[in-house]
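If you read the sequence shown in full-length UniProt numbering, its first letter stands for residue 1, the second for the next number, and so on.
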Amino acid sequence: MPNNAEKVTEMFYRSVGQVPPKRHTQFRKPDGALYYEELMGEEGFSSDSSLLYHEGVPSAIVDSRIWELPDARTVANHPLKPMHLKPHDLFPGKDWKAFDVVTGRRLLLGNGDVRIAYVAAGESSPLYRNAIGDECVYVEDGEATLETMFGLLHVRKGDYAIIPRATVHRWVPTGDGPLRAYVVEANSHITPPKRYLSRFGQFLEHAPYCERDLTAPAEPFVTEGTDVDVYTKHRGHGPSGLVGSIVTYPTHPFDVVGWDGCLYPYTFNVDDFEPITGRIHQPPPVHQVFEGYNFVICNFVPRKVDYHPLAVPVPYFHSNVDSDEVMFYCGGDYEARKGSGIGQGSITLHPGGHSHGPQPAAIERALGKDYFDELAVMVDTFRPLEIGEAGQQSDDGAYAWSWSGRGPTG
């Protein structure tokens with residue numbers, strides 16, 4: 001781990017760099033001028049926040065122009081059917097070298113609460129601020145430096161990067177191959193599940209991960225610059241479905257000499273998730289890792305499986321009457337989908353109203369197994385998902401019939 005990041009070990013409050021002993025009091029530079037204090041807070045001063053101390057005036061801008069965002073329009077999943085998306089096909093060959101994690105992402109699925117995108121990137125992104133909601137970026141492959149106004153984070157394969165709403169940041173790939181990222185953009189905040197936390201915010205004993213598994217910036221990343229562009233996604237509705245602006249600041253947004261509080265970006269690696277298992281099949285909520293408004297994020301990691309002598313280790317057929325299920329297969333060998341064409345990098349959509357489960361032959365094959373070497377990230381949404389332009393382009397067109405072995409014409 002680089003020396004500019006460290007594990008979070010004291011609940012969620014952190015103090016990094018220089019801060020005054022008392023909040024909202026004079027804090028001066030060596031030359032006697034004041035630092036500029038900024039409160040970055042959630043829910044109208046009623047929830048988590050951090051205080052940041054800037055060299056320059058954080059609200060000073062000198063220009064603002066339109067950022068033409070990629071197409072974010074969606075179409076209904078109609079007629080209703082499950083889908084198999086192949087996002088790797090969206091970035092064939094060496095095409096990834098021309099893209100960055102921000103402007104190159106392609107929209108797969110979305111609704112009024114969440115958008116799910118994918119990108120393979122080789123370029124550094126522009127400075128970026130999502131003013132609509134938090135982002136959860138899962139790194140399927142590659143590594144990068146995530147530069148933020150709070151400091152630096154090293155991001156590697158298997159990391160979730162949780163980036164709070166309105167955090168200015170930049171993705172800088174550092175590996176030789178593509179940085180492959182699965183992006184969950186919320187219209188809300190993304191947090192650990194409430195049932196994992198005490199009323200004071202500490203992870204409880206039954207939680208499958210804890211503060212020691214989270215990595216946060218450890219020191220400021222002060223950067224100089226003038227007339228700096230920040231690509232900003234913000235509220236509104238444009239021809240492409242969303243609106244964006246390129247806002248120019250007279251001084252660099254990474255001019256923060258110190259900050260403290262409970263709101264900041266962090267990473268969590270999927271290898272640190274401790275699976276909850278039982279004698280018979282456990283329901284998906286035991287695999288939950290994060291939650292947002294009207295959606296949850298789960299991960300299925302390599303684990304010992306059901307150890308009742310008559311257990312059926314693969315999941316039973318189920319009909320999620322209140323949710324759509326999106327599964328991203330990103331490691332190992334997923335037992336329940338054998339025979340369906342699912343492979344590394346596949347994404348399945350199982351919409352509400354469709355009963356789904358393992359491929360029929362996978363049930364018998366799984367009997368007697370005591371370990372699954374599989375890795376998948378699941379997003380369940382409680383409003384129906386529609387299909388983005390990349391979802392339409394990457395659909396294999398055949399998955400819906402994989403349980404029956406027959407196409408729509410028989």
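C-beta: ideal position from N, C-alpha, C; glycine also. Please read these numbers as outputs of a predicted model, since none were measured by experiment.
{"query": "Start and end residues, alpha helix (DSSP H) containing S64", "result": "Element bounds for S64: not the alpha helix (DSSP H) but the beta strand (DSSP E), 63-67."}
{"query": "Rounded C-alpha distance that separates V256 from R156", "result": "25 angstroms"}
{"query": "DSSP three-state assignment for W403, whether helix, strand or coil", "result": "coil"}
{"query": "Cβ-Cβ distance between R105 and G241 below 8 angstroms", "result": "no"}
{"query": "Which of helix, strand or coil DSSP assigns to D324", "result": "strand"}
{"query": "Delimiting residues of the alpha helix (DSSP H) encompassing A60", "result": "Taken as a continuous stretch (DSSP letters only), A60 belongs to no alpha helix (DSSP H), as it is neither H nor E."}
{"query": "Cα-Cα separation between Y399 and G391, rounded to whole angstroms", "result": "14 angstroms"}
{"query": "A181 - partner residues in DSSP beta bridges", "result": "V119, V139"}
{"query": "The segment 367-377 contacting the segment 311-328, beta-carbon criterion three pairs below 8 angstroms", "result": "yes"}
{"query": "Alpha-carbon spacing of S346 relative to Y35, whole angstroms", "result": "49 angstroms"}
{"query": "Endpoints, alpha helix (DSSP H) assigned at residue 424", "result": "The structure shown does not extend to residue 424, since the chain spans only 1 to 410, so no value can be given for it."}
{"query": "Entirely enclosed beta strand (DSSP E) segments - the segment 250-283, minimum 3 residues", "result": "256-261, 266-269"}
{"query": "E43 burial status per 10 Å Cβ neighbour count (16 or more: buried)", "result": "exposed"}
{"query": "First through last residue of the beta strand (DSSP E) which encompasses Q288", "result": "288-292"}
{"query": "Proximal residues to V247 (C-beta, below 7 angstroms), its chain only, five neighbours per side dropped", "result": "I61, S64, V230, T232"}
{"query": "Span of the beta strand (DSSP E) around A161", "result": "159-163"}
{"query": "8 angstroms Cβ cutoff met for P253 and L153", "result": "no"}
{"query": "P217, DSSP secondary structure in three states", "result": "strand"}
{"query": "Closer than 7 angstroms: G368 CB and nearest the ligand MG heavy atom", "result": "In the structure shown, the ligand MG is absent, as is every other ligand, since no ligand is present at all."}
{"query": "Whether D306 touches P315 by CB criterion (8 angstroms)", "result": "no"}
{"query": "Exposed unless 16 or more other CB atoms sit within 10 angstroms - verdict on F317", "result": "exposed"}
{"query": "Rounded distance between the beta-carbons of E386 and V101, thought under 8 angstroms", "result": "In fact, because the Cβ distance is near 23 angstroms, the residues do not count as touching under 8 angstroms."}
{"query": "Within 8 angstroms, strictly: CB atoms of I116 and G122", "result": "no"}
{"query": "Nearest residue (CA-CA) to F150, options A144, P309, W259", "result": "W259"}
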